[in-house]
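Numbering (the numbering used here), first residue to last: 27 to 505.
Printed below as a string of structure tokens:
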């Protein structure tokens, strides 16, 4: 049994004019699962990144067991047994899964490399039903699978403090249950688990205490359980924005033909202009790479009455925001300069700045034109990517558009997509969330494994049928 009490004392962190953490003081008891909640941009991820040594506070201190840690760094965090599983895993794309698992491992010696570590990987892979092929390259995995590899490495390394920053997208319900059963066992030995999440149901089910943050400040720290309504009020200050009502489902005469090549088959989809097409499957299914392949693969063809639609009018928003969607070191202003001056030799910075400031206001991005992409919260990174989508985009493709977002930010994203859908030829999005598919799709594609097992209007299928299809109990439905 060991003790890993953590104390943040008056922690402040600024990024230019943006105050990410403002004199935050909170203590987290050893041997507990402690949740940190708040809307996007509240400062949650910045706080835990300071504990992992990835970010240095401007002022304040961090203490472990009442001992202040001087010169806190990633190295000292690892030495203390602190591990972070982030929204965007820190890994090496060209390594295999097994090689990535070995990097930085305490048992990674020439004698143990191919013996104990391989056995340990296989044990964890089986216990948590992750079923990840150790020979695959990291770049071949989905975001969720990469999170699973990172978690196995943390658990295997004997981390005493485990920080889970929005882990929900990476795990099925069964996997999540097994992971938290294991974490519960570790807390009995003195381990401390910090859960950063927007999923209040997970917080209420797994955590014993919670800290609520809003606009960089600590609102309160409470023992659980608490009512979900009370926690939401504390997160948003009792002033939640009302969501725009969903537009009616598009069901008019079919006037689009989409030819989709998936798993060796070519499927014709009969769509209507302005449709929202939702693709759903379990973690690890073909839905993970479906939109990416459609965007880059010439085998995808969309035609209307006038012929094939020009692929230069396609817009793609990837799930891995900082890996392939944005340039981490570039500012919001730089991103808009790049997206608006394609094909032009001269940049009018005055015009770009004015446009950038207008889009920051329109999309509610918490930041300034000079704020770097990596300094934004996940929700604000998503808003930035949407703000960069040109007005002449005919076909919008969005991978898991609300991954890791709080309720308010997710509502904003859906409102924006629904308001814009009729001005586009078609909007396609992917999700693991049945409710998102049910609430926002006009047309649905169900994946089981690599195959599309059902494709039809949302009015022609039930929510139960969708669940059965993606689970392998194929009901079908084709139009």
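Where a beta carbon is used, it is the ideal one built from N, C-alpha and C, also for glycine. Please read these numbers as outputs of a predicted model, since none were measured by experiment.
The beta strand (DSSP E) with residue i in it runs from where to where?
i, result
"residue 147", "First-last for residue 147: 142-153, but that is the alpha helix (DSSP H), not the beta strand (DSSP E)."
"residue 358", "Not the beta strand (DSSP E): residue 358 falls in the alpha helix (DSSP H), residues 358-366."
"residue 33", "32-41"
"residue 221", "218-222"
"residue 474", "469-474"
"residue 415", "First-last for residue 415: undefined, no H or E at that position."
"residue 237", "235-240"
"residue 244", "243-249"
"residue 343", "340-343"
"residue 303", "301-306"
"residue 90", "85-90"
Mark residue i as exposed unless 16 or more other C-beta atoms lie within 10 angstroms of its C-beta, in which case mark it buried.
i, result
"residue 372", "exposed"
"residue 251", "exposed"
"residue 98", "buried"
"residue 453", "buried"
"residue 377", "exposed"
"residue 118", "exposed"
"residue 113", "buried"
"residue 489", "exposed"
"residue 191", "buried"
"residue 511", "Here the chain has residues from 27 to 505 only, and residue 511 is not among them."
"residue 265", "Reliability fails at residue 265, whose pLDDT of 46 lies under 50, so the model's placement of it is uncertain and the value that follows must be treated cautiously. By the 10 Å Cβ count, residue 265 comes out exposed."
"residue 498", "exposed"
"residue 151", "buried"
"residue 148", "exposed"
"residue 397", "buried"
"residue 249", "exposed"
"residue 406", "buried"
"residue 155", "exposed"
"residue 218", "buried"
"residue 413", "buried"
"residue 353", "exposed"
"residue 145", "exposed"
"residue 314", "buried"
"residue 254", "exposed"
Tell me the residue span of the alpha helix (DSSP H) that contains residue i.
i, result
"residue 176", "169-182"
"residue 105", "100-105"
"residue 191", "That residue, residue 191, is in no alpha helix (DSSP H); its beta strand (DSSP E) goes 187-191."
"residue 317", "316-322"
"residue 255", "254-262"
"residue 378", "375-388"
"residue 232", "226-232"
If I measure Cβ to Cβ from residue i and keep anything under 6 Å in the same chain, skipping five residues before and after, which residues do I get?
i, result
"residue 342", "321 and 423"
"residue 585", "The structure shown has nothing for residue 585, since the chain only spans 27 to 505."
"residue 500", "479"
"residue 46", "39, 69, 72 and 242"
"residue 179", "127"
"residue 415", "341"
"residue 83", "37, 39 and 76"
Only counting the same chain, and skipping five residues up and downstream in sequence, which positions put a Cβ closer than 7 Å to that of residue i?
i, result
"residue 102", "79 and 95"
"residue 122", "160, 161, 162 and 163"
"residue 436", "428"
"residue 246", "238 and 260"
"residue 232", "59, 206 and 221"
Assuming residue i contacts residue j under a Cβ cut-off of 8 Å, what Cβ separation, rounded to an integer in Å, is found between them?
i, j, result
"residue 175", "residue 126", "6 Å"
"residue 346", "residue 189", "Not quite, the Cβ-Cβ distance comes to about 20 Å (not below 8 Å), so this is no contact."
"residue 390", "residue 438", "7 Å"
"residue 111", "residue 173", "6 Å"
"residue 92", "residue 51", "With 8 Å as the limit, residue 92 and residue 51 do not qualify as a contact, their Cβ atoms being about 14 Å apart."
"residue 458", "residue 308", "7 Å"
"residue 213", "residue 57", "5 Å"
"residue 456", "residue 476", "That pair is no contact at about 14 Å."
"residue 257", "residue 226", "6 Å"
"residue 302", "residue 441", "In fact, because the Cβ distance is near 13 Å, the residues do not count as touching under 8 Å."
"residue 335", "residue 481", "Wrong, their Cβ atoms sit about 19 Å apart, outside the cutoff."
"residue 421", "residue 304", "Contact doesn't hold; Cβ gap of about 15 Å is too wide."
"residue 344", "residue 351", "5 Å"
Please go through the same chain and pick out, in chain order, the residues whose beta-carbon is closer than 8 Å to the beta-carbon of residue i, but skip the five residues on each side of it.
i, result
"residue 419", "339, 340, 341 and 450"
"residue 464", "484, 489 and 492"
"residue 100", "78, 79 and 80"
"residue 357", "395, 396, 397, 398 and 399"
"residue 229", "61, 63, 221, 223, 236, 250 and 257"
Does the beta carbon of residue i come closer than 9 Å to any beta carbon on chain D?
i, result
"residue 61", "Annotation note: the requested chain D is absent from the structure, which comprises a single protein chain."
Those runs of the beta strand (DSSP E) which lie wholly inside the segment 48-83 and span at least 3 residues: 59-63
Any alpha helix (DSSP H) of 4 or more consecutive residues that is wholly inside the segment 435-489: Taken in chain order, the unbroken stretches of alpha helix (DSSP H) that lie wholly in the segment 435-489 and span 4 residues or more are 460-466.
Extract the residue ranges of the beta strand (DSSP E) inside the segment 107-134, only unbroken runs of 3 or more that lie entirely within it. 108-111
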